[in-house]
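**Q**
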Amino acid sequence: MPFARIDLIQGKSPEYRTALADIVYRGIVDVLKAPDGDRFVVVGEHTADNLIYDPQFLGFNRSPDFILIQVTSTVGKKKDTKFAFYRFVADELKLKLSVRPDDIMINMVFVDKEEWSFGDGQPW
């Protein structure tokens with residue numbers, strides 16, 4: 031069951047943020063193979079001085095449109111699946127929101143089912 035956090039510098043429209051969350055969610059369902067409806071996404075906007083990143087790290091050229099995406103998941107752990115998810119999200123963000131590939135950073139965190147409680151203090 032994935033949970034996605036998307037962080038970016040404030041100033042994007044609600045429609046942009048919704049489209050961004052939709053793209054990440056589609057990748058979670060279509061590529062990582064989470065069940066449809068497992069939609070838990072937080073979009074966090076930050077002032078420019080509170081989203082700190084190296085614009086040149088590893089030879090990339092990041093702009094103020096930098097987006098940091100972190101997905102915590104129990105599904106999609108295979109190497110090929112992770113790589114397909116990265117590619118899907120980058121391609122869709124470029125196509126639908128004109129996000130430069132250098133401005134997309136994705137981090138995956140994998141956990142076991144017992145790391146989750148979906149409500150009422152009950153383990154999954």
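Counting the sequence shown from 1 gives a position; the numbering used here is that position plus 30. Heads up, the beta-carbon is just placed ideally off N, CA and C, and yes, glycines get one too. Only a predicted model underlies this, so the values are computations on that prediction, with no experimental measurement involved.
1) Nearest to aspartate 60 by CA position, among Asp142, Trp154, Tyr116, is which residue?
2) The beta strand (DSSP E) that contains valine 73, what's its start and end?
3) Quick one: is glycine 41 buried, meaning 16 or more other Cβ sit within 10 Å of its Cβ, or exposed?
4) With distance defined between alpha-carbon atoms, name the residue in Gly89, Met138, Val119, Ile82 nearest to threonine 104.
5) With DSSP run on the structure shown, which of helix, strand or coil describes threonine 48?
6) Comparing alpha-carbon positions, which option in Leu98, Tyr83, Phe87 lies nearest valine 72?
7) Per the contact definition of three or more C-beta pairs closer than 8 angstroms, is the region 67–83 in contact with the region 123–133?
8) Counting only the same chain and skipping the five closest in sequence on each side, list residues whose C-beta sits under 6 angstroms from that of tyrosine 58.
9) Would you list the residues sitting across from serine 103 in a DSSP beta bridge?
**A** On the basis of the data shown:
1) Of the candidates Asp142, Trp154, Tyr116, the one whose C-alpha sits nearest the C-alpha of aspartate 60 is Tyr116.
2) Where valine 73 is concerned, the enclosing beta strand (DSSP E) starts and stops at 71–76.
3) By the neighbour-count rule (16 or more Cβ atoms within 10 Å), glycine 41 is not buried but exposed.
4) Ranked by Cα distance from threonine 104, the options Gly89, Met138, Val119, Ile82 are led by Met138.
5) Reduced to three states, the DSSP call for threonine 48 is helix.
6) Nearest C-alpha to valine 72: Leu98.
7) Fewer than three pairs of CB atoms, one per stretch, sit closer than 8 angstroms, so the region 123–133 makes no contact with the region 67–83.
8) What sits at residue 58 in the sequence shown is isoleucine, not tyrosine. These residues qualify, in order along the chain: Pro32, Ala64.
9) DSSP output for serine 103 lists Phe140 as bridge partner(s).
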